[in-house]
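> In the numbering used here, the protein residues as written are 6 to 338.
Even glycine gets a Cβ: it sits at the ideal position worked out from N, Cα and C.
Just so it is clear, the structure is predicted and the values come from calculations on it, not from any experiment.
Quick one: structure below, then a few questions.
So, in structure tokens, the structure goes:
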């Protein structure tokens, strides 16, 4: 079509992507003839209607047809007893009309139809971020972690990708399961809250459930377990096995809650929790001390306070060696 270039220029102008040179060319083309001006105005009108434009005047489709389209279809008025003669302008007009339909179609396909985009959130050291997903589910992303998710969930599942650690509060949608994929495993839920820890440097991928129920499985789902409230399970990276669910305290979520609690827990199990959260290292001079039990009600995690309790309870000495190493001397239960 001879004027196709200028119709495309009109489209670019409507989308705000016209250069000064192209604008000059278009203006010259529009001013060249009445027909060009009518085509230009016709496309503008179609564009406005495609955006749910509501004019402040009454639209009369039949009158518009007679006043605007029919003169382009026929070159002369109908004579009594005569036969209407089809002219070449009709072919030109329908080419223009086809172009308008094409442009409006492009608008709806590319600009009205949402285009899925993969979004990435990456946290650094000492950085925890709260992310609201498109379905309203909330993710707390722990430090040094990566979360990938789509700009909207268009399929029959809600799938996100995790490298690192995150806690999820998932909106209940039974018809659209929520899936967390890690490099080696996947967790499938309908609506619940749970934690996934999948760090490349760790030997295990761990899932801990706070509420509800989840399925924890390998990528091919040949190995899987179901976890319920206050249960945890791990995937072993070396032998590719998943252990059976076991009870857990919610100290696994201390990075999010910033609270710790222990109830008659052996010291040898307390210290690894402290080491991971506070990023320190403990050495016990007398291994038998590790069997002594420790109780602490839920409270804000504070290392100095906990060490003071150890000193009072177990009659120990705590020697700090460097910025993050502690030697525990003496003591008894």
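(1) Going by the DSSP bridge assignment, what does residue 230 pair with across the sheet?
(2) Let me check understanding here. Comparing Cα to Cα, which of 188, 230, 12 and 140 lies closest to residue 40?
(3) Following the continuous alpha helix (DSSP H) through residue 281, name the residue where it begins and the one where it ends.
(4) Between the alpha carbons of residue 285 and residue 330, how many angstroms are there, rounded?
(5) For residue 174, which option in 195, 189, 188 and 155 has the closest C-alpha, if you only look at C-alpha atoms?
(6) Any idea what DSSP makes of residue 142, helix, strand or coil?
(7) Determine the extent of the beta strand (DSSP E) in which residue 330 is found, giving its start and end residues.
(8) Along the beta strand (DSSP E) that carries residue 175, what are the first and last residues, could you check?
(9) Using DSSP with H/G/I as helix, E/B as strand and the rest coil, what is residue 155?
(10) What number of angstroms, rounded off, separates the C-alpha of residue 24 from the C-alpha of residue 35?
(11) Among residues of its own chain, excluding the 5 on either side of residue 211, which ones have a beta-carbon nearer than 7 Å to its beta-carbon?
(12) When you compare the CB of residue 193 with every CB in chain D, is at least one pair closer than 7 Å?
(13) For residue 326, name the three-state secondary structure that DSSP assigns.
(14) With residue 299 and residue 323 assumed to form a contact (beta carbons below 8 Å), what rounded beta-carbon distance in angstroms separates them?
(15) Label residue 247 either buried or exposed according to how many other C-beta atoms from any shown protein chain fall within 10 Å of its C-beta, with 16 as the threshold for buried.
(16) Please tell me whether residue 185 and residue 152 are closer than 7 Å, where the distance is taken between their beta carbons.
(17) Does DSSP put residue 42 in a helix, a strand or coil?
(18) Assuming the contact rule is C-beta atoms closer than 8 Å, residue 266 and residue 303 should be a hit. Round their C-beta distance to whole Å, please.
(19) How far does the beta strand (DSSP E) with residue 210 in it extend, from its first residue to its last?
(20) Got a sec? Which residues, its chain only, sit under 6 Å from residue 276 by beta carbon, not counting five neighbours each side?
(21) How would you write the range of the alpha helix (DSSP H) that residue 136 sits in, first residue to last?
(22) Does the Cβ-Cβ distance between residue 193 and residue 179 come in under 7 Å?
Checking against the coordinates, here is how it stands:
(1) Paired residues: 221.
(2) Answer by Cα proximity: 12.
(3) Where residue 281 is concerned, the enclosing alpha helix (DSSP H) stretches over 272-283.
(4) Rounded to whole angstroms, residue 285 to residue 330 spans 6 Å at the Cα level.
(5) The closest CA to that of residue 174, considering only 195, 189, 188 and 155, is found on 195.
(6) Residue state, collapsed to three classes: coil.
(7) Per DSSP, residue 330 belongs to the beta strand (DSSP E) from 330-335.
(8) Residue 175 -> no beta strand (DSSP E), and no H or E assigned at all.
(9) Assignment of residue 155 by DSSP, reduced to helix, strand and coil, places it in the strand class.
(10) Cα-Cα distance, rounded: 16 Å.
(11) Hits under 7 Å: 202, 237 and 239.
(12) Among the chains in the structure shown there is no chain D, since it carries only a single protein chain.
(13) Three-state DSSP puts residue 326 in a strand.
(14) At roughly 14 Å, the Cβ-Cβ gap does not stay under 8 Å, so residue 299 and residue 323 are not in contact.
(15) Classification for residue 247: buried.
(16) Their beta carbons are not under 7 Å apart, which means residue 185 does not touch residue 152 by this criterion.
(17) Helix at residue 42.
(18) Right, the Cβ-Cβ distance comes to about 4 Å (below 8 Å), so this counts as a contact.
(19) 209-216 is the extent of the beta strand (DSSP E) around residue 210.
(20) The residues are 287.
(21) It is not in any alpha helix (DSSP H) - residue 136 instead sits in the beta strand (DSSP E) that spans 134-137.
(22) A distance of 7 Å or more separates the beta carbons of residue 193 and residue 179.
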